[in-house]
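All remarks here apply to the structure that follows.
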Amino acid sequence: MLVSFFTLCFFSAFQMVACFNIESTSWRHISQPAKGFGYRVIKDSASRLLVSAPLEQHSVDRRGQVYQCQVSSSSCSPLRIRVPSDGVNMSLGLSMSKTETSPKTVVCGPTIPKECDSNNLYGGMCFSIGPSLKQDGPLPSSLEECKVTDTDIAFLLDGSGSVENYQFSTMKKFVKNLIKKTSEAEHQSKPDSFLTLHNLIYTSPCRFPPVSENRMGTSGRQYPANGSNNEYCKGHPGSCMGSPKIPESDHMFKVDSFEALDKISNALEKSIIAIEGTQTTGDSTHMEFAQNGFSAAPVSSPDERFLVSVIGANGWKGGYQDIPLSSRTPSFRRVHEVTPDSYLGYSMAVASRDRQNYIVMGAPRYKHKGLLMVFFPGDAPQMLKQSQIGAYFGAEVCVVDLDGDSNTDLILASAPMHTEGGREGKVFVYKLTKEYFHMLVSETGVSLLGMEGQRGRFGTSLASLADLNGDGIRDVAVGAPLEDNGQGSVYIFNGRRRGVNPNYSQRIAGSSVRSGLQFFGLTVAQSALDQSGDGLPDIAVGSKGAVLLLRSRPIVSMVTRVTFTPPKIPTSISGCTDFQQITASVCFSMTKATNDIFNDLQAELSYTLKLDYVRQRTRAYFTANEKEKNFQSSVSLQEHCAQHPFFVQCSLEDALSPVDVQVIVSFEGVPIQTADGLVPQLASASSKVTDHKLNFEIDCGEDKVCEDDVRVDINFSGSSTIEVGIAQETNVTVMVENRGENSYNTRVSLSYPHGLSYRTFTKTQGRVECSSLDSPDGSTQGKTHCSINRPILRAGDKVVFVVQYGINGNSQFDDSHHTGPSFKVNSYFYTHNNGHNVTTAQSVFSDNEKHTPDSELSKTLDIGVKYSIYVILKRFDGSTNYIHFTAGNIDLQKPVMQNLEGTNGLRGLNLTTIIHVPVKLKGKDIWTNVDSLNIQGCTRGGEKSPIITDLQHTFKDNKEPDVNCSFAVCLEFRCTSYMTRDARRVYTISGNVSSGWIEQTGLRSASFHLVSSATLEYDNNKYIFYSSDSSCLAPVARIETLVEAYEEPNLTKEIIGGVVGGLILLALMTAGLAKSGFLKSQYQQKLEEAGAQVGEEPPEAEAE
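For reference, each letter of the sequence shown is one residue, going -19 to -1, 1 to 1085 in mature numbering (1 follows the signal peptide of the UniProt record, and there is no 0).
The structure is reproduced here in structure tokens:
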């Protein structure tokens, strides 16, 4: 991952920790004045390095240079790569990689701008370099073609006050209408603001994020403080070289009158290109900003090809191109699973297993959290996620073959901006395994962290090295280039069986390697070839402007052996009058652990002998109560012994418990003069503290032989199964009984596998003292040692105690190395090859020289093992909630969809989801398409008959009865698949539900729940379902649809009754109004009133 070569002010008070076997000073320092030199380093051969300088501007339009550097002379010369004329400013060497499966190195430049009218496209090219520096390329052979319809535009609106308000409103209306029209098309635009003449901005594809000097961008890389033509827009895949340019006059529209706006509207609509981040669905861009080769990898099997990432493809979703060297025709692997702006392909590696390649890619901006994606041929890719926002998870990936068998064992993925406590950066460790014919990537539960208090982008670089410490397992390097105020550091983590030790063995600070270094750890070369000629691997580390070669040192193992003369304290010590002299012979054997060329290795030892150190009142001393003494010794690759006499007191109160002698050794290697002062180191597995016992002679009567008869028995305290993930602990009850003569210094030893951890012991009878050491590396056994009635288990004594072990909920008792049906080893828990049992065996030891034939010194016992699983089955979104039918109509049908979602929560397993769908009710089809009813991903089984046939009585007693497999004939579907942890499956039942079956219920109008059900089937001998209660039963899910049948309303009676009632009501109202005089004529009344006003008599008076 690219880190800028600007000084970054991160402060830390921590310095380099003690070294192990990598020299902390550089053996070779190779530097060049070329800008960016040291960004990528490849160990091309035992005598040569390839080093990139992607920022070197060696001609007007040529950026990036690759150098071949000779190790012996520390000199470099440019490698003349034949870049075609259109490979302008490509930042050659920005990515450079070599895999173990290919002899070639691939070198890429992913920042080639290509002018297309007013727009720039950004592509890239890659080249291969063979062992003899023979070149091939470029690939892809041509850049993306221009698309003439795509253009960026900028609106310049005069807001200076020289236009009237209505004119300014007209301009705004024009822009709004234009944006509204284009937002409905494939391309979209987004005006950020209305700008005055004094704030003119032209938009272009070259988009720089807001930065300030000495500041890191969100991508984990530093952005430049300006956009000058001489700076590369580091770390932003959508950015480019050079400042945004002012459009040419041909690309500018001068509008003299407002009437001309509408005339150019159509032309502008067709010329607006999508802007990153404005489109909410689909891809705003395709391959316009692909930046081919931001990461790449060569593959030679089964055929030779380049894998080239295209992080800017499809709206910066990313992806990769597969380019066979035979045809040179790239095929693009589009990835639908990622979101826009994910940057898939930011990092890339190729894992290999059983001669099959698996592409590993990082997408550090996926949903702002990051993503690791592994591609399996012929299968969907596996996505592994982390939860911290802004961590940039997937910024760097690395594959590790621990044992060198050409099969990838581990995948490392870094999150350089992950914060945890006082640390910045984290590396997650995953394992690649085969599970039931499926390849699976899963978490190991181990993560790598740097030094507390350091915030230096730990994980910026990752490298799988050689075996550095001579244990036969390859080791790992992690770079943190911003630690120690930008000086940088590299961490070494030692590999172990099936994993990596999470505690780093060495931190190499840049300040100790060479004064003035910056960004040490920017890159670490993959593998660790021997380039110093001493038979030991060396590592190459890149920094700002320099590459440092560091040698590994020879590793030696040392064994300390102590013997005594006489071998035991004689019985006469009980009645002696003088001290008993004992001579301790202390011998050191030093042997080589690494395959180096040195046969004259030497070391200076300082060691301390402590006598009877476990007791306050000592029984042994050198002189005058001096119970410990210091000595010096020089050792070589031959055993060296020294004699040290001491004395044991007479007439001891305790003449039974042995005298404990401890040897504490300090090792200092002697510099090898023929190897420029290379210093051998002591293997970490060699014990610097050893304990030795000087025993008393045993009084066993006239025959001088104590013949004990010790019996041992064990049980799992009533348990029959270890339930991993459910039970928190398991108890082992141990019983030891002596039926013979006295047994001296009797001890019980148990070993237990990784996944169990010692907690405590409880004694119920006798005297017991226990100590234990859990598995130190995840592969070897843990050990529990208990002393029984020390020092003497007398005849007839019986001791009973219980040892408690905690159960790791993520344990997997690995049985991959067992080939027989059972396996018996004294003093071991182990796993049968069927994976369902753990066997424990216990051994008893004593200092007695003879045991009776009836003694039972070992015992084995099987206990079953079951692994907890937790699977959620639930109704999924999009299921049909409700349909209805008219009663009596048997020919109706309605579409129904029932979706079931299954999510696996704890561990990967083969799982069968069994779905039962009711299809017939008393001979009538519920679904119209019963014969063709299928569920994708499932196998159709047979029909299941109902257990209840009296439907009418049952349905009448329920308000909304269920129509399920109890009443209806059900069709069974079996959906079997291997589900990884957190995997999700959705199963869909889809078709038309008919109305003909409703009459079989005997109800004309009612509501029914049409219920499909689902349950799980798995290996009950191996797995147990985790539930909140004690039932441990798998769930049964219901997917139901409410079906309502109702009578069609007959409104004839209601209509007639309404009409008659209305007429009667009208008649009554009319009669009432007439009776009240409301309907009397008002004309006569008006005449009478008018006559009274003029004094005339009414007509009736004149007649009289």
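Note that CB positions come from ideal geometry on N, CA and C, so glycine has one too.
Given the structure is predicted, the values throughout are model-derived calculations rather than measurements.
Problem - Neighbourhood of residue 955 by C-beta, 7 Å cutoff - its chain only, sequence neighbours within 5 removed - result: Residue numbering aside, residue 955 sits at position 974 when the sequence shown is read from its first letter. Excluding residues within five positions, the ones whose Cβ falls inside 7 Å are 893, 895, 919, 920 and 922.
Practice task
Pull up the distance between the alpha-carbon of residue 988 and that of residue 851, whole angstroms please.
Solution key: Along the sequence shown, one-based indexing puts residue 988 at 1007. Along the sequence shown, one-based indexing puts residue 851 at 870. One Cα belongs to residue 988, the other to residue 851, and the distance between them is close to 34 Å.
Problem - Separation of residue 847 from residue 1006, as counted between CA atoms - result: Walking along the sequence shown from the start, residue 1006 turns up at place 1025. Walking along the sequence shown from the start, residue 847 turns up at place 866. Rounded to whole angstroms, residue 1006 to residue 847 spans 9 Å at the Cα level.
Problem - Exposed unless 16 or more other CB atoms sit within 10 angstroms - verdict on residue 294 - result: On the sequence shown, residue 294 is found 313 positions in, with the first residue counted as 1. Classification for residue 294: buried.
Exercise for the section: Mind listing, in chain order, the continuous beta strand (DSSP E) runs of no fewer than 3 residues lying wholly within the stretch 346 to 410? Expected result: Runs found: 352 to 356, 363 to 366, 377 to 381 and 391 to 401.
Handout entry: Sequence-distant residues of the same chain with beta carbon closer than 8 Å to residue 880, five excluded per side
Key = Counted from its first residue, the sequence shown places residue 880 at position 899. Excluding sequence neighbours, residue 880 sits near 856, 857, 858, 859, 860, 967, 968, 969, 970 and 1020.
Problem - Cβ pair residue 539, residue 664 closer than 9 Å - result: Counting from 1 along the sequence shown, the entry for residue 539 is found at position 558. Counting from 1 along the sequence shown, the entry for residue 664 is found at position 683. Between residue 539 and residue 664, the CB-CB gap stays under 9 Å.
Practice task
Reducing DSSP to helix, strand and coil, say where residue 654 ends up.
Solution key: Within the sequence shown, residue 654 is the residue found at index 673, counting from 1. Of the three classes helix, strand and coil, the one that applies to residue 654 here is helix, per DSSP.
Practice task
Could you check what DSSP says for residue 613 in three-state terms: helix, strand or coil?
Solution key: The residue given as residue 613 occupies position 632 in the sequence shown. Of the three classes helix, strand and coil, the one that applies to residue 613 here is strand, per DSSP.
Exercise for the section: List the endpoints of the continuous beta strand (DSSP E) containing residue 519. Expected result: For the purposes of this step, residue 519 is identified with residue 538 of the sequence shown, where counting begins at 1. Run containing residue 519: 519 to 524, per the beta strand (DSSP E) assignment.
Problem - CB contact flag (residue 508, residue 543, <9 Å) - result: As a position in the sequence shown, residue 508 is number 527, starting the count at 1. As a position in the sequence shown, residue 543 is number 562, starting the count at 1. Their beta carbons are not under 9 Å apart, which means residue 508 does not touch residue 543 by this criterion.
Exercise for the section: Write down every uninterrupted run of the alpha helix (DSSP H) in the stretch 489 to 560 whose length is 4 residues or greater and which is fully enclosed by it, in chain order. Expected result: 491 to 494
Handout entry: Beta-ladder partner(s) of residue 8, from DSSP
Key = Numbered from its first residue, the sequence shown carries residue 8 at position 27. Answer is none; residue 8 lacks a bridge partner.
Handout entry: DSSP-derived helix/strand/coil call for residue 295
Key = Along the sequence shown, read from residue 1 onward, the residue named residue 295 stands at position 314. In the structure shown, residue 295 sits in a helix (DSSP, three-state: H, G or I).
Exercise for the section: Would you tell me roughly how many angstroms separate the C-alpha atoms of residue 399 and residue 465, rounded to the nearest one? Expected result: Indexing the sequence shown from 1 puts residue 399 at position 418. Indexing the sequence shown from 1 puts residue 465 at position 484. One alpha carbon belongs to residue 399, the other to residue 465, and they sit about 18 Å apart.
Handout entry: Cα-Cα separation, residue 598 to residue 511
Key = As a first step, residue 598 must be located in the sequence shown, where it is residue number 617. As a first step, residue 511 must be located in the sequence shown, where it is residue number 530. Using only the alpha carbons, I get a separation of about 55 Å.
Practice task
Pull up the distance between the alpha-carbon of residue 390 and that of residue 374, whole angstroms please.
Solution key: Along the sequence shown, read from residue 1 onward, the residue named residue 390 stands at position 409. Along the sequence shown, read from residue 1 onward, the residue named residue 374 stands at position 393. Roughly 20 Å between the two C-alpha positions.
Problem - Cβ pair count under 8 Å reaching 3, the stretch 55 to 70 against the stretch 78 to 87 - result: no
Problem - CA nearest to the CA of residue 448, picked from 427, 385, 469 and 291 - result: Walking along the sequence shown from the start, residue 448 turns up at place 467. The shortest Cα separation from residue 448 among 427, 385, 469 and 291 belongs to 385.
Exercise for the section: Excluding the 5 residues preceding and the 5 following residue 25 in the sequence, name in chain order all residues of the same chain whose CB lies nearer than 6 Å to its CB. Expected result: The residue you call residue 25 lines up with position 44 of the sequence shown. Contacts found: 31.
Problem - residue 710 versus residue 1015 - alpha carbon distance - result: As a working note, residue 710 is residue 729 in the sequence shown. As a working note, residue 1015 is residue 1034 in the sequence shown. Straight-line Cα distance between these residues: approximately 23 Å.
Exercise for the section: State the Cα-Cα distance for the pair residue 647 and residue 739, rounded to the nearest angstrom. Expected result: For the purposes of this step, residue 647 is taken as residue 666 along the sequence shown, with counting starting at 1. For the purposes of this step, residue 739 is taken as residue 758 along the sequence shown, with counting starting at 1. Roughly 30 Å between the two C-alpha positions.
Handout entry: Limits of the beta strand (DSSP E) - the one that residue 23 falls within
Key = Taking the sequence shown and counting its residues from 1, the one referred to as residue 23 is at position 42. 22 to 24 is the extent of the beta strand (DSSP E) around residue 23.
Exercise for the section: Give a yes or no on whether 9 Å exceeds the smallest Cβ distance from residue 456 to chain C. Expected result: Chain labels in this structure do not include chain C; a single protein chain is all it has.
Practice task
Check whether the Cβ atoms of residue 93 and residue 124 lie closer than 9 Å to each other.
Solution key: The residue you call residue 93 lines up with position 112 of the sequence shown. The residue you call residue 124 lines up with position 143 of the sequence shown. Yes, the Cβ-Cβ distance between residue 93 and residue 124 is below 9 Å.
Exercise for the section: With a cut-off of 8 Å on the beta carbons, I'd call residue 722 and residue 688 a contact; round off their distance for me. Expected result: To locate residue 722, count along the sequence shown from 1; it is residue 741. To locate residue 688, count along the sequence shown from 1; it is residue 707. About 5 Å separates the two Cβ atoms, so the contact holds.
Exercise for the section: Pick helix, strand or coil for residue 841, following the three-state DSSP scheme. Expected result: On the sequence shown, position 860 is the one that residue 841 refers to. DSSP places residue 841 in strand when its eight states are reduced to three.
Exercise for the section: Assess, as a yes-or-no matter, whether the stretch 559 to 573 is touched by the stretch 693 to 711 under the definition of 3 or more beta carbon pairs within less than 8 Å. Expected result: no
Practice task
Might you give, ordered along the chain, the residues of its own chain that have their beta carbon closer than 6 Å to the beta carbon of residue 791, omitting 5 neighbours on each side?
Solution key: On the sequence shown, residue 791 is found 810 positions in, with the first residue counted as 1. The residues are 426.
Handout entry: Beta-carbon spacing of residue 289, residue 341 below 9 Å
Key = Counting from 1 along the sequence shown, the entry for residue 289 is found at position 308. Counting from 1 along the sequence shown, the entry for residue 341 is found at position 360. Taking 9 Å as the Cβ cut-off, residue 289 and residue 341 do not qualify as a contacting pair.
Practice task
Say whether the stretch 354 to 362 touches the stretch 310 to 326, bearing in mind that this needs 3 or more beta-carbon pairs closer than 8 Å, one atom from each stretch.
Solution key: yes
Problem - Bridge partners - residue 321, DSSP secondary structure assignment - result: For the purposes of this step, residue 321 is taken as residue 340 along the sequence shown, with counting starting at 1. DSSP output for residue 321 lists no bridge partner at all.
Problem - Of the residues 878, 1045 and 1056, the one placed nearest residue 993, counting alpha carbons only - result: By one-based count along the sequence shown, residue 993 stands at place 1012. Measuring from the Cα of residue 993, the nearest candidate turns out to be 878.
Handout entry: Whole-angstrom distance between residue 382 and residue 456, CA atom to CA atom
Key = To locate residue 456, count along the sequence shown from 1; it is residue 475. To locate residue 382, count along the sequence shown from 1; it is residue 401. So the alpha carbons of these two residues sit roughly 9 Å apart.
Practice task
Just mark residue 88 as buried or exposed, buried being the case when its beta carbon has 16 or more other beta carbons within 10 Å.
Solution key: The count along the sequence shown starts at 1 and reaches residue 88 at position 107. The residue is buried, with at least 16 neighbouring Cβ atoms inside 10 Å.
Handout entry: Residue burial classification, residue 1055 (beta-carbon count within 10 angstroms, cutoff 16)
Key = Translated into the one-based positions of the sequence shown, residue 1055 becomes position 1074. Residue 1055 should be labelled exposed.
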